[in-house]
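For the sequence shown, my numbering assigns the number 42 to the initial residue and increments by one for each residue that follows. Even for Gly, the Cβ is constructed at its ideal location relative to N, Cα and C. Inspection log for the structure reproduced underneath, given as structure tokens.
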Amino acid sequence: MTPADAAHFLGVGLSTLWRYARTDPTFPTPARPSTRKTLFPRRDLVAWAESKREASQ
42 MTPADAAHFL
52 GVGLSTLWRY
62 ARTDPTFPTP
72 ARPSTRKTLF
82 PRRDLVAWAE
92 SKREASQ
């Protein structure tokens, strides 16, 4: 999913999404299928969000 879609899915802004990618080692690494396109794997984002949800309980 695109960065904008990923941010919407997680309920955060784009700057927060990129901050997670930069500073959180558990955050999914984006794929770069071309020099102008960055994509986040949906299943990795779902797994990351679930792990954060479980850790907060």
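- For residue 71, there is no enclosing beta strand (DSSP E), as DSSP marks it with neither H nor E.
- Boundaries of the beta strand (DSSP E) around residue 79: 78 to 80.
- Taking 9 Å as the cut-off, the beta carbon of residue 69 is found closer than this to the beta carbon of residue 88.
- Sequence-distant Cβ neighbours of residue 79 in its own chain, meaning closer than 7 Å and more than five residues away, are 44, 71 and 73.
- Under the three-state reduction of DSSP output, residue 92 falls in the helix class.
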